[in-house]
Each structure stands twice: as C-alpha cells, then as structure tokens.
Ligand SMILES: [Zn+2]
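Numbering (my numbering), first residue to last: 248 to 409.
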C-alpha cells in the first residue's frame with residue numbers, strides 16, 4: 248500500500264499522439280489501456296501514467312487518482328512527489344491550440360493553489376530526462392507565466408474579500 252503522498256512538483260507532458268478528428272475520449276481510453284498493461288497487475292489502482300489529460304476539444308480526463316503516483320517522469324524520486332499533467336497532442340509536430348492552452352492554465356493554476364506548489368517546481372518533462380516531451384513547439388514559458396499571473400490574481404481577489 249502506498250501512503251498518501253505530498254506533492255511537490257507538477258510535470259507537464261504531451262501524449263505524443265497527434266490531434267485528429269478522432270474523439271479525444273477514445274484516444275484517452277487507448278492511452279489508459281496501454282499504460283495499464285505495464286502496471287495494473289502489480290498496482291490494481293493504476294489507471295494511467297498521468298493524473299490529468301487536457302484535450303483540444305476542451306475536456307479534462309482523469310488518470311491515476313491524485314493520491315497515487317504516476318510512473319511518468321523517468322525519475323522515481325520525482326514520480327512519487329509529483330502531479331503529472333499531459334496535453335493531448337504531439338507538439339513536436341503541431342502547435343498547441345489557444346483554448347487548450349487556456350484550459351491548461353486554469354487547471355494547473357488550481358493544482359498550484361491546492362497543493363501549494365512552488366513555481367520553480369512546475370517542470371516540463373524534458374527538464375528531468377532527455378526527451379523532447381512536451382514537444383519543441385510547446386509554449387512552456389508562456390504557460391508558466393500565465394499560471395503565475397493567474398495564481399497571483401486569485402490571491403489578490405481573496406485578500407480583497409478578507
Ligand atoms: Zn513526457
């Protein structure tokens with residue numbers, strides 16, 4: 248049994264599967280099936296190598312429940328302390344849609360607030376191991392900037408209410 252884990256990092260991925268007209272739900276189902284082949288026998292709670300998936304058609308999909316780790320980063324020290332968020336698509340080959348980006352900002356800002364994640368601990372996968380993930384076209388610095396300003400705006404709002 249794995250104990251409830253403290254979350255220190257958020258790691259950003261892409262799925263590496265190029266967006267098409269396929270239903271994102273079916274893509275997510277096939278990702279889950281593929282990841283479960285590796286781990287579900289040993290860890291019955293295992294659903295996917297990600298906690299959340301954000302799609303171009305603006306859905307947020309669930310993978311592993313947040314209290315469990317995902318084996319996603321190639322570094323087990325980080326795996327056990329991180330939240331894995333993936334954007335559906337292949338951002339080596341395509342550009343991230345603005346609406347998908349915006350949904351990601353909202354979603355990740357919420358996680359930053361809930362788990363009190365330090366900004367410097369929002370990482371892209373390629374900062375941990377040698378990979379292009381989340382893709383050479385992925386606007387990671389913009390994403391981080393938006394998250395920071397979003398979280399700061401929200402805390403300003405709260406201080407006005409208080
Ligand atoms: Zn990755």
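All residues carry an ideal CB built from backbone N, CA and C; glycine is no exception.
Small disclaimer: the values here were computed from a predicted structure and weren't measured.
heavy atom of ligand 1 below 7 Å from residue i C-beta
i: residue 298; result: no
Option nearest residue i by Cα separation, candidates the options
i: residue 273; options: 255, 256 and 300; result: 300
i: residue 265; options: 278, 253 and 254; result: 278
i: residue 306; options: 271, 364 and 340; result: 271
i: residue 311; options: 388, 321 and 283; result: 283
i: residue 268; options: 286, 345, 302 and 253; result: 302
i: residue 352; options: 402, 294 and 393; result: 393
i: residue 321; options: 378, 403, 253 and 255; result: 378
i: residue 295; options: 288, 280, 304 and 289; result: 280
i: residue 350; options: 304, 364 and 285; result: 304
i: residue 371; options: 389, 362 and 363; result: 389
i: residue 342; options: 387, 375 and 325; result: 387
i: residue 364; options: 395, 340, 348 and 347; result: 395
i: residue 254; options: 362, 375 and 402; result: 362
i: residue 313; options: 403, 329 and 402; result: 329
i: residue 325; options: 400, 375 and 290; result: 375
Continuous beta strand (DSSP E) stretch holding residue i: start and end
i: residue 307; result: 307-309
i: residue 299; result: 299-301
i: residue 329; result: 329-334
i: residue 256; result: 256-261
Residues near residue i in its chain [Cβ-Cβ closer than 6 Å; skip 5 each side]
i: residue 331; result: 258, 297, 298, 317 and 319
i: residue 192; result: Given that the chain is displayed from residue 248 to residue 409, the structure contains no residue 192 and the question cannot be resolved.
i: residue 263; result: 337
i: residue 437; result: Residue 437 falls outside the range modelled here, since the chain spans only 248 to 409, and no answer is possible.
Own chain, CB closer than 7 Å to residue i, minus 5 neighbours either side, in chain order
i: residue 261; result: 333, 334, 336, 337, 338, 380, 381, 382 and 385
i: residue 398; result: 356, 359 and 360
Residue i, enclosing alpha helix (DSSP H) - first and last residue
i: residue 360; result: 345-362
i: residue 376; result: Looking at the DSSP string, residue 376 is not in any alpha helix (DSSP H), and its letter there is neither H nor E.
i: residue 326; result: 323-326
i: residue 272; result: 271-286
Close Cβ partners of residue i (< 8 Å) along its chain, the five nearest in sequence each way excluded
i: residue 391; result: 366 and 369
i: residue 354; result: 299, 301, 307 and 332
Go through the residues and name those whose CB comes closer than 5 Å to any heavy atom of ligand 1, in chain order.
For ligand 1, the selected residues are 260, 372 and 380.
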